[in-house]
Amino acid sequence: MMNAQFSKVDKRDAKLSMAYISVAFIALAVGGLMGLLQTLVRSGKLELPGGINYYEILTAHGVLLGLGLTTYFILGFQFAAVSRTSGTLSSKARLSGWIGFIVMVIGTIFATWMILTNKATVLYTFYAPLQAHFLFYLGLTLLIVGSWIACGAMIATYIRWRKQNPGKPSPLLSFMVVVNSLLWIVCTLGVAGEVLFQLLPWSLGLVDTVNVLVSRTLFWYFGHPLVYFWLLPAYMAWYVIIPKIIGGKIFSDSLARLVFILFLLFSIPVGFHHQLTEPGIDASWKFVQVVLTFMVIIPSLMTAFSMFATFEMFGRAKGATGLFGWLKKLPWKDARFVVPFIGMVAFVPAGAGGIINASNQMDQVVHNTIWVTGHFHLTVATTVVLTFFGISYWLIPHLTGRVFTKAMNRLAIIQAVCWTIGMAFMSGSMHLEGLLGAPRRTAFTTYGNAQQALDWIPYQVAQAIGGSILFLGIVLIIVIVLNLAFFAPKGEQDFPVGEVAESAEKTPMVLENWKIWLTILAALILIAYTVPFMDMIQNAPPGSKGFKLW
Amino acid sequence: MHLHRYEKWWLTFGISALIIFLSIVGIQAFHQGHKPPSAKAFVDPERVNESEPFTKPGLHKVQGKEWDYELVIVAAAFSFTPGEIEIPKGAKVKIIATTKDVVHGFEIAGTNVNMMLEPGYISEYVTTFSKTGEFLIICNEYCGTGHHMMSARIKVVEK
């Protein structure tokens, strides 16, 4: 699979990729600062100056990190991955990549501008009938449309490779990029539908009312697959990049592809598990989607197996003995391995928490409590983000023609330790506080000195301590990224792409038969959504006019 | 597709655990009636005050139903009506709630009562209050700048 002529990403593609990655880290810096402020406010120790509203910075934090950091980083990484494994982009594909980038940046500027001027304090999930300025919705539309253009360019590059290499399985990394891009395009149709057909006409005054349940359903049709769109690039790094970094082989090419296909199929028809406590949706339809949600446990278990199989095979090849002797042979001093590894470990409790959230009745204990916030700070803000940092440590110098020095490697490990400690404090106390019933998305309050609320405050102080340590982690990562982009010594940094173990079986071509998978996907979505969705429209209460309660 | 022997064991274990878990959740939901609140009842959000049963918010004793009391709650930014509720210990209560404006949350902190209130919809949940004490009702879904002020109190008292 390694092809010498493609081993370095083309300079022009590198520029494109770096453009996306740069915006991601700007979003991290600004959004991270907002996060710090939130934990401080909620500890009761800080009041925001100048009448700034807590929910305004909460909106900024959610949008900049949940959509900004993730989407820009993922698209940047995916462009580099496609260019590296399927060959330099055609000039048309590269141009599309730039057009997508510019459309996204314009959208991001609109949305951020509206948030910072307090015209869109509707949080990350929009919350109709709270009504933001139409430029906020328009900005988010542009962000999504731009990302579609970018994904189209990646898929076109994959199609070109398939045409040039008939009958051969595509490069694994390109295949994964295509799965994730398809997942993104299919799931964003929901939020695009919500914004285009409901929120934009309504915020412009073209229609008077909005059907709230439909808007929430369209949002969550997108809102849960979104988390797999964040997770799959981390899986790409775990399956393809990490084996190469440690000096081992990919356990099985076909297993990796099957995992990605299963994620594509079972990530989308699951949004109701975010709406378990809502009226207007039949309990049996909620249960159908709970079952479909749980299907993603299967590819997750396969991934866990595959990762540790890779590690063990490598360790034993190096002469490790005993049940866990191979652990010692792993490169514990290499940040490119250690940082994503911490992310993998964090995914164990994170995944277990996710099972609780998605469970039919258990959700009621934790729904909208700060437990949920703790959960996604383990999944996205630890597992995914640490893996993205680990990717940055070789990708950015590779793209800028520099090297990841020993000093930066040491700083990167300190950064990850800092992140781990900060997150243990913050996410740990969020989980515990949530079990006691404390709500999420809420400013500091004692509810008139109610005893229950007073008991929550020590956990909020622990969150502020964790948040402060995490902010230090953000400062460190920004220092490292700036170093890798502008100041590190010039040189060659490898873009590691793993090879498949000799013992692995040949990849069945059916895994790349998109007609089959996309048909099954469409069928699953129709089964999971058609009846309850028609019900929501046919048996709808009067719609809601807009409110601006901030 | 070829799978490694250990992987087959691992997947068999995982998928069996999944089936057992989902069966338990399913039996609890559909056989024992522990479904999440999923009422399908409607109200005009602009005329909540004129619509039954929201004309009279509060706790009402009822006869001939599977529950002893109905607790009617109206939420609006940024308060619940009524704001103070006293419930006798051991009472089986059907909570009937809605919102007059935006989406709110209805959570009785420290219990499993937790549901969303959405304009146009009535949310219902039946529960038994078996512990005495004072419980906070809080809005746990962002509804505007006063969101963190929005609360009510339930006192569960010995009969």
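For the record, the sequence lines run as chains A and B. In this text, residue positions in the first sequence follow full-length UniProt numbering: the first is 1, and each later residue adds one. In this text, residue positions in the second sequence follow full-length UniProt numbering: the first is 1, and each later residue adds one. Note that CB positions come from ideal geometry on N, CA and C, so glycine has one too. All figures in this text were calculated on a predicted structure; none of them were measured in a lab.
Ends of the beta strand (DSSP E) at Gly105 of chain B?
-> Reading the second sequence from its first residue, position 105 is the one you call residue 105 of chain B. That run of the beta strand (DSSP E) goes His104 to Ile108.
Who are the neighbours of Phe305 of chain A on chain B, taking C-beta pairs under 7 Å?
-> By one-based count along the first sequence, residue 305 of chain A stands at place 305. Those within 7 Å of Phe305 of chain A in chain B are Glu7 and Trp10.
Where do the N-terminal and C-terminal ends of the alpha helix (DSSP H) with Phe80 of chain B fall, by residue?
-> For the purposes of this step, residue 80 of chain B is identified with residue 80 of the second sequence, where counting begins at 1. Going by DSSP, Phe80 of chain B is part of no alpha helix (DSSP H) but of the beta strand (DSSP E) stretching over Ser79 to Thr81.
Residues of the segment 58-72 of chain B with a CB closer than 7 Å to any CB of chain A: list them in chain order, please.
-> Cβ contacts with chain A: none found.
Since Gly343 of chain A contacts Thr387 of chain A with CB under 8 Å, what's their CB separation in whole angstroms?
-> Position 343 of the first sequence holds residue 343 of chain A. Position 387 of the first sequence holds residue 387 of chain A. Yes, Gly343 of chain A and Thr387 of chain A are in contact; Cβ-Cβ is about 5 Å, under 8 Å.
Under 7 Å, do Pro171 of chain A and Ser86 of chain A count as touching if we go by C-beta distance?
-> Reading the first sequence from its first residue, position 171 is the one you call residue 171 of chain A. Reading the first sequence from its first residue, position 86 is the one you call residue 86 of chain A. Taking the C-beta atoms as reference points, Ser86 of chain A is found nearer than 7 Å to Pro171 of chain A.
Determine the direct distance from the alpha carbon of Phe106 of chain B to that of Glu124 of chain B, and round the result to whole angstroms.
-> As a working note, residue 124 of chain B is residue 124 in the second sequence. As a working note, residue 106 of chain B is residue 106 in the second sequence. Computed Cα separation, rounded: 11 Å.
Pairwise C-alpha distance: Ile413 of chain A and Ala4 of chain A | Residue mapping note: residue 4 of chain A aligns to position 4 of the first sequence, counting from 1. Residue mapping note: residue 413 of chain A aligns to position 413 of the first sequence, counting from 1. With a pLDDT of 45 at Ala4 of chain A, under the threshold of 50, the modelled position of that residue is not reliable, and no figure is offered here.
Between Leu40 of chain A and the rest of its own chain, which residues show a CB-CB distance below 6 Å, the 5 nearest in sequence each way excluded?
-> Within the first sequence, residue 40 of chain A is the residue found at index 40, counting from 1. Taken in chain order, the residues that qualify are Leu46 and Ala464.
Taking any Cβ of chain A, which residues in the segment 126-147 of chain B have a Cβ under 8 Å from it, in chain order?
-> Cβ contacts with chain A: Glu134, Phe135, Leu136, Ile138, Cys139, Asn140, Glu141, Tyr142, Cys143, Gly144, Thr145, Gly146 and His147.
With Met236 of chain A as the anchor, note down where its alpha helix (DSSP H) starts and where it stops.
-> Stepping through the first sequence from its first residue, residue 236 of chain A is reached at position 236. Per DSSP, Met236 of chain A belongs to the alpha helix (DSSP H) from Pro225 to Met236.
Apart from the five residues on each side of it in sequence, which residues of its chain come closer than 8 Å, Cβ to Cβ, to Ala29 of chain A?
-> Walking along the first sequence from the start, residue 29 of chain A turns up at place 29. Excluding five sequence positions before and after Ala29 of chain A, the CB atoms of its chain that fall closer than 8 Å to its own CB belong to Ile474 and Ile478, given in chain order.
Span of the alpha helix (DSSP H) holding Asn483 of chain A?
-> Here residue 483 of chain A refers to the residue found at position 483 of the first sequence. Premise fails: Asn483 of chain A is in no alpha helix (DSSP H) and is neither H nor E.
Pair every Cβ in the segment 95-113 of chain A with every Cβ in the segment 134-154 of chain A, then say whether three or more of these pairs are closer than 8 Å.
-> Verdict: yes, contact present.
In terms of residue numbering, what span does the beta strand (DSSP E) encompassing Val74 of chain B cover?
-> Within the second sequence, numbered from 1, the residue matching residue 74 of chain B stands at position 74. It spans Tyr69 to Ala76 - the beta strand (DSSP E) in which Val74 of chain B sits, taken as one unbroken run.
Met2 of chain A classed as buried or exposed, judged by whether at least 16 other C-beta atoms fall within 10 angstroms | By 1-based counting over the first sequence, the position of residue 2 of chain A is 2. Legend: pLDDT at Met2 of chain A = 44, less than 50; position of this residue unreliable, value from coordinates given subsequently. Exposed.
Grab me the residues of Gly325 of chain A's own chain with a C-beta within less than 7 Å of its C-beta, minus the 5 sequence neighbours each way, in chain order.
-> Residue mapping note: residue 325 of chain A aligns to position 325 of the first sequence, counting from 1. Cβ neighbours of Gly325 of chain A beyond the five flanking positions: Gly315.
Cβ contact check for the segment 508-526 of chain A and the segment 417-428 of chain A: 3 or more pairs under 8 Å | As far as the Cβ criterion goes, the segment 508-526 of chain A does not touch the segment 417-428 of chain A, which means the pair count is below three.
From A:Trp285, A:Gln538, A:Phe389 and A:Lys318, residue whose alpha carbon lies closest to that of Lys35 of chain B | On the second sequence, residue 35 of chain B is found 35 positions in, with the first residue counted as 1. Considering only alpha carbons, the answer is A:Trp285.
Contiguous alpha helix (DSSP H) assignments of at least 4 residues, all confined to the segment 88-166 of chain A | Those alpha helix (DSSP H) runs which fall completely within the segment 88-166 of chain A and span 4+ residues are 91-116 and 134-164.
List the whole-angstrom C-beta distance separating Thr128 of chain B from Val157 of chain B, where the pair is believed to meet the contact cut-off of C-beta under 8 Å.
-> The count along the second sequence starts at 1 and reaches residue 128 of chain B at position 128. The count along the second sequence starts at 1 and reaches residue 157 of chain B at position 157. Contact flag wrong, Cβ pair sits at about 15 Å.
Let me know the secondary structure DSSP gives Gly58 of chain B once reduced to three states.
-> The residue you call residue 58 of chain B lines up with position 58 of the second sequence. If DSSP states are grouped into helix, strand and coil, Gly58 of chain B belongs with the strands.
Taking C-beta pairs closer than 9 Å, name the residues in chain B that His367 of chain A reaches, listed in chain order.
-> On the first sequence, residue 367 of chain A is found 367 positions in, with the first residue counted as 1. Against His367 of chain A, the close residues of chain B are Pro36, Gly105, Glu107, Asn114, Met115, Met116 and Asn140, in the order they occur along the chain (beta-carbon pairs closer than 9 Å).
List in chain order: all unbroken alpha helix (DSSP H) runs of 4+ residues lying wholly within the segment 246-297 of chain A.
-> The segment 246-297 of chain A contains these whole alpha helix (DSSP H) runs: 253-267 and 283-294.
Keeping to the same chain, check which residues put their C-beta closer than 6 Å to that of Ile108 of chain B; ignore five residues upstream and five downstream.
-> Here residue 108 of chain B refers to the residue found at position 108 when the second sequence is read from its first residue. These residues qualify, in order along the chain: Phe135 and Ile137.
If you drop the 5 nearest sequence neighbours on each side, which residues of the same chain put their C-beta closer than 6 Å to that of Val270 of chain A?
-> Walking along the first sequence from the start, residue 270 of chain A turns up at place 270. These residues qualify, in order along the chain: His224, Gln289, Leu292 and Thr293.
Distance CB(Gly190 of chain A)-CB(Leu226 of chain A) smaller than 7 Å | Within the first sequence, the letter at position 190 stands for residue 190 of chain A. Within the first sequence, the letter at position 226 stands for residue 226 of chain A. Not in contact: Gly190 of chain A and Leu226 of chain A (Cβ atoms no closer than 7 Å).
Under 8 Å by Cβ, that's how I've got Ile250 of chain A and Val500 of chain A pegged, so tell me the actual separation to the nearest angstrom.
-> Translated into the one-based positions of the first sequence, residue 250 of chain A becomes position 250. Translated into the one-based positions of the first sequence, residue 500 of chain A becomes position 500. Distance from Ile250 of chain A to Val500 of chain A at the Cβ level is roughly 5 Å; contact confirmed, criterion being Cβ atoms closer than 8 Å.
Run of the beta strand (DSSP E) containing Glu84 of chain B, from where it starts to where it stops | Stepping through the second sequence from its first residue, residue 84 of chain B is reached at position 84. If you look at Glu84 of chain B, you'll find it in the beta strand (DSSP E) that goes Glu84 to Pro88.
Give the C-beta separation of Thr98 of chain B and Val48 of chain B to the nearest angstrom, bearing in mind that I take them to be a contact with Cβ-Cβ under 8 Å.
-> Indexing the second sequence from 1 puts residue 98 of chain B at position 98. Indexing the second sequence from 1 puts residue 48 of chain B at position 48. Between Val48 of chain B and Thr98 of chain B the Cβ distance is about 6 Å, and since that is below 8 Å, they are a contact.
Lys40 of chain B: contacting residues in chain A (beta-carbon distance under 9 Å) | In the second sequence, counting from the first residue as 1, residue 40 of chain B sits at position 40. Those are Pro279, Gly280, Ile281, Asp282, Asp535 and Asn539, listed as they occur along chain A.
Starting from Lys45 of chain A and walking both ways along the beta strand (DSSP E), at which residues does that stretch end?
-> Position 45 of the first sequence, counting from 1, holds the residue named residue 45 of chain A. Looking at the DSSP string, Lys45 of chain A is not in any beta strand (DSSP E), and its letter there is neither H nor E.
Three-state secondary structure (DSSP) at Phe404 of chain A?
-> In the first sequence, residue 404 of chain A corresponds to position 404, counting from 1. Phe404 of chain A falls in the coil class under three-state DSSP.
Grab the span of the alpha helix (DSSP H) containing Leu18 of chain B for me, first residue to last.
-> Along the second sequence, one-based indexing puts residue 18 of chain B at 18. Going by DSSP, Leu18 of chain B is part of the alpha helix (DSSP H) stretching over Arg5 to Phe30.
Report the neighbours of Ala75 of chain B on chain A: residues whose CB is nearer than 7 Å to its CB, in chain order.
-> Here residue 75 of chain B refers to the residue found at position 75 of the second sequence. For Ala75 of chain B, none of the residues of chain A pass the 7 Å Cβ criterion, the least Cβ distance being about 13 Å.
Contact set between Ala29 of chain B and chain A, taken where Cβ atoms lie within less than 8 Å = Position 29 of the second sequence holds residue 29 of chain B. Neighbours of Ala29 of chain B on chain A, chain order: Ala283, Phe287, Asn360 and Gln361.
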